[in-house]
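By full-length UniProt numbering, the letter at position 168 of the sequence shown is numbered 168, and the numbering carries on one by one without gaps.
Glycine is no exception: its CB is placed at the ideal position from the N, C-alpha and C atoms.
Only one structure is covered here, and it is reproduced in the block below.
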Amino acid sequence: MILSDKRILEEIEKGTIIIEPFDRDCLGTNSYDVHLGKHLAAYKDRVLDAKLHNEITGFEIPKDGFVLQPNTLYLGVTVEYTETHQHVPFLEGKSSTGRLGIDIHATAGKGDVGFCNTWTLEISCAQPVKIYAGMPIGQLIYFVVEGEIETLYNTKSNAKYNKPTTRPVESMMWKNKF
């Protein structure tokens, strides 16, 4: 079950969902719009190795925008910091973003219950497109969880994306044992 706008507001009032900054105008019928932060990053190497720590180079989006190029993975970050203590948050691109040929996540659209952070975006594009810091980029939807949670994400000792940040975070796949 997806939370409605009224239910999202109730959960914010109870403190089980936190969105900072919160703007009532960004609340949709059953979602909340999030915006692109000013920081982007790209991997230093063209060939990535899942067993190694692949480093990124970060930069700020200029005030007059930045042109994304196809065949490059950019890591972005949301302006909004969110916490979700009883629901499963999903991040999806806005239809207006998709109609510009922009994807905002490759596979990581689901957050875990207990996720407390900004969202790193895995941005790619179908053709060159200019983007701007602060533009609406995606929307969060919240699902109800059936059953009791044993361990919240923010209390897991092996959680790899738990450190609060305002910048994109590179893949931590290399921390896994395989």
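Where I61 falls: helix, strand or coil (DSSP): coil
Candidates F178, K63, H53, V88, of which the one nearest S31 by Cα: V88
L48 burial status per 10 Å Cβ neighbour count (16 or more: buried): exposed
Spatial distance of D45 from T72 (CA atoms): 11 Å
Inside the segment 83-114 only - beta strand (DSSP E) runs reaching at least 3 residues: 87-93
Opening and closing residue of the alpha helix (DSSP H) in which D5 lies: 5-14
Unbroken stretches of the beta strand (DSSP E), 3 residues or longer, contained in the segment 12-48: 17-20, 32-35, 39-43
C-alpha gap between P62 and E150, whole angstroms: 44 Å
Cβ shell of D5 (< 7 Å), same chain only, five flanking positions each side left out: L27, G28, T29, N30
Alpha-carbon spacing of C116 relative to F66, whole angstroms: 28 Å
Where P128 falls, given that 16 or more other Cβ within 10 Å makes a residue buried: exposed
Rounded straight-line distance, which links the Cα of G98 to that of V79: 19 Å
Local conformation of K156 per DSSP, three classes: coil
Option nearest residue 234 by Cα separation, candidates D23, L52, A42, D25: Residue numbering for the chain in the displayed model covers 1 to 178; residue 234 lies beyond these limits and cannot be assessed.
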